[in-house]
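As structure tokens, the structure follows; a few thoughts come after it.
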Amino acid sequence: QQQVKQSPQSLIVQKGGISIINCAYENTAFDYFPWYQQFPGKGPALLIAIRPDVSEKKEGRFTISFNKSAKQFSLHIMDSQPGDSATYFCAASKSGGYQKVTFGTGTKLQVIP
Amino acid sequence: KAGVTQTPRYLIKTRGQQVTLSCSPISGHRSVSWYQQTPGQGLQFLFEYFSETQRNKGNFPGRFSGRQFSNSRSEMNVSTLELGDSALYLCASSPGGDNTEAFFGQGTRLTVV
């Protein structure tokens, strides 16, 4: 019930293309869905996050789409750049009480020139 | 505002030894949580502290322990180290309450030989 499933495991996209990473969750108590970007040797950095009361959130080239009924959400990276090459983690948590982030398994994105 | 600071960045220990890792959260944040990251298991929740109290613990053996001080700084201790404890240990800082944004430090890379 606490799992967050993420796909694909790896992704190769040409520069300028759209990168799409998908996640699905089971626990309907989750009410906060962040995406993290991690470069080798660094900790995960919060990229963008969404709450279930909206279906889409956009920040620059990054967009989260959220489907509450399907319990799915996805990250779209528009105009992908080589600098976006990193591992991306979707995650979920619930407000109030203790702080615990449940992570997906990660997607290694490579953007080729 | 300074980010989450973890020390040391790298550690090499011998099997059977113990180790203490330190985390200084973002100023004003009262919640500190710890995660273990390995290639095989991904990011796994260890435990979370809020106002010096452990509120939740993940599925790790009792060799893993932690504490939080009155200034919100936290330490994590692993006793009787095993080879399988080699991992990147990440600390996340969060304001607490209903604000579930979690910000990660760069981690401590522990190698057990």
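Listed in order, the protein sequences are those of chains U and E.
Quick note, the first sequence lines up with residues 1 to 113 if you use this note's numbering.
Quick note, the second sequence lines up with residues 1 to 113 if you use this note's numbering.
Every residue gets a Cβ at the ideal spot worked out from N, C-alpha and C, and that includes glycine.
Under a CB-based cut-off of 9 Å, is residue 101 of chain U close to chain E? Taking the first residue of the first sequence as position 1, residue 101 of chain U is located at position 101. With 9 Å as the cut-off, residue 101 of chain U counts as an interface residue toward chain E.
Are residue 48 of chain U and residue 62 of chain U close, meaning C-beta to C-beta below 9 Å? The sequence position of residue 48 of chain U within the first sequence is 48, counting from 1. The sequence position of residue 62 of chain U within the first sequence is 62, counting from 1. For residue 48 of chain U and residue 62 of chain U, yes; Cβs fall inside 9 Å.
Mark residue 85 of chain E as exposed unless 16 or more other C-beta atoms lie within 10 angstroms of its C-beta, in which case mark it buried. As a first step, residue 85 of chain E is located in the second sequence; it is residue number 85 there, counting from the start. Per the 10 Å Cβ criterion, buried.
At what residue ranges does the segment 5 to 68 of chain U contain a whole run of the alpha helix (DSSP H), taking only runs of 4 or more? none
List the residues of chain U whose Cβ lies closer than 7 Å to the Cβ of residue 107 of chain E, in chain order. As a first step, residue 107 of chain E is located in the second sequence; it is residue number 107 there, counting from the start. Under the 7 Å cutoff, chain U gives 43.
Looking at residue 88 of chain U and residue 14 of chain U, is the spacing between their C-beta atoms short of 9 Å? Numbered from its first residue, the first sequence carries residue 14 of chain U at position 14. Numbered from its first residue, the first sequence carries residue 88 of chain U at position 88. Going by C-beta atoms, residue 14 of chain U is not nearer than 9 Å to residue 88 of chain U.
Per-residue DSSP class, three states only, for residue 83 of chain E: One-based indexing of the second sequence puts residue 83 of chain E at position 83. Three-state result, residue 83 of chain E: helix.
Give a yes or no on whether the minimum CB-CB distance between residue 11 of chain U and chain E is below 9 Å. Sequence index remark: in the first sequence, residue 11 of chain U carries index 11 (1-based). It does not: the Cβ of residue 11 of chain U has no partner Cβ on chain E nearer than 9 Å.
Rounded C-alpha distance that separates residue 93 of chain E from residue 101 of chain U: Locating residue 93 of chain E in the second sequence gives position 93, where the first residue counts as 1. Locating residue 101 of chain U in the first sequence gives position 101, where the first residue counts as 1. Taking the straight line from one Cα to the other gives about 11 Å.
is_contact[residue 28 of chain E, chain U] using C-beta, thresh 9 Å: Residue mapping note: residue 28 of chain E aligns to position 28 of the second sequence, counting from 1. Output row for residue 28 of chain E: interface = no.
Indicate whether at least one CB of chain E lies closer than 9 Å to the CB of residue 46 of chain U. As a working note, residue 46 of chain U is residue 46 in the first sequence. At least one chain E Cβ lies under 9 Å of residue 46 of chain U.
Taking the alpha carbon of residue 105 of chain U as the reference point, which residue from U:85, U:23 and U:77 has its own alpha carbon closest? Position 105 of the first sequence, counted from the start, is the residue given in the question as residue 105 of chain U. Residue 105 of chain U has its Cα closest to that of U:23, out of U:85, U:23 and U:77.
Would you please state the rounded distance, in angstroms, between the beta carbons of residue 70 of chain E and residue 50 of chain E? I believe it to be under 8 Å. Translated into positions along the second sequence, residue 70 of chain E becomes position 70. Translated into positions along the second sequence, residue 50 of chain E becomes position 50. Not confirmed; about 12 Å, so no contact.
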